[in-house]
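A.B. asks: To start, I am sharing the structure in question, which I have written as structure tokens.
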Amino acid sequence: RVQLSWGHDEYLYHVVKDHLPAESLYMIRYHSFYPGHREGAYSHLMNDRDKALFDGVRAFNPYDLYTKSHERPNVKTLRPFYEELIAEYFPAQLRW
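Numbering of the sequence shown is given in the working numbering, commencing with residue 2 and proceeding in unit increments.
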């Protein structure tokens with residue numbers, strides 16, 4: 002049994018766990034768990050499903066950190082894309 006600290010990643014996971022696919026949930030829940038996805042620690046405690054889903058966490062990592070741009074995004078252009086994405090996966094109201 003491994004205990005991880007409860008932070009914003011775990012909180013968001015619990016808010017969205019009924020609405021997103023497992024691949025997304027692993028990224029949300031474990032993207033800050035560097036010993037697990039970067040160093041390979043605890044892999045002896047993972048089953049095949051965990052190992053496969055951690056491949057996605059590793060693939061996501063380059064987009065997680067140090068991807069800030071000096072140029073501000075065009076919110077007007079991006080908003081429809083994100084509204085459509087949110088509507089696809091989430092109900093009109095979330096239980097926070």
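Built from N, CA and C at the ideal position, the CB exists for glycine as well.
In this text the structure is predicted, and so the values were computed from the model without any measurement.
Helix, strand or coil for histidine 15? Go by DSSP, reduced to three states.
C.D. replies: Three-state DSSP puts histidine 15 in a helix.
A.B. asks: Could you spell out the range, first to last residue, of the alpha helix (DSSP H) harbouring valine 76?
C.D. replies: Run containing valine 76: 76 to 90, per the alpha helix (DSSP H) assignment.
A.B. asks: List the whole-angstrom C-beta distance separating histidine 20 from tyrosine 83, where the pair is believed to meet the contact cut-off of C-beta under 8 angstroms.
C.D. replies: With a Cβ gap of about 15 angstroms, histidine 20 and tyrosine 83 do not count as contacting.
A.B. asks: What is the DSSP secondary structure of leucine 69, reduced to helix, strand or coil?
C.D. replies: The sequence shown places lysine at residue 69, not leucine. Of the three classes helix, strand and coil, the one that applies to lysine 69 here is coil, per DSSP.
A.B. asks: Tyrosine 14 to glutamate 72, Cα distance in whole Å?
C.D. replies: So the alpha carbons of these two residues sit roughly 30 angstroms apart.
A.B. asks: Tell me the residue span of the alpha helix (DSSP H) that contains histidine 38.
C.D. replies: Looking at the DSSP string, the run of the alpha helix (DSSP H) that includes histidine 38 is 35 to 38.
A.B. asks: Is DSSP giving serine 25 helix, strand or coil here?
C.D. replies: In this structure, serine 25 counts as helix in the three-state DSSP scheme.
A.B. asks: Check whether the Cβ atoms of alanine 23 and leucine 54 lie closer than 8 angstroms to each other.
C.D. replies: Going by C-beta atoms, alanine 23 is nearer than 8 angstroms to leucine 54.
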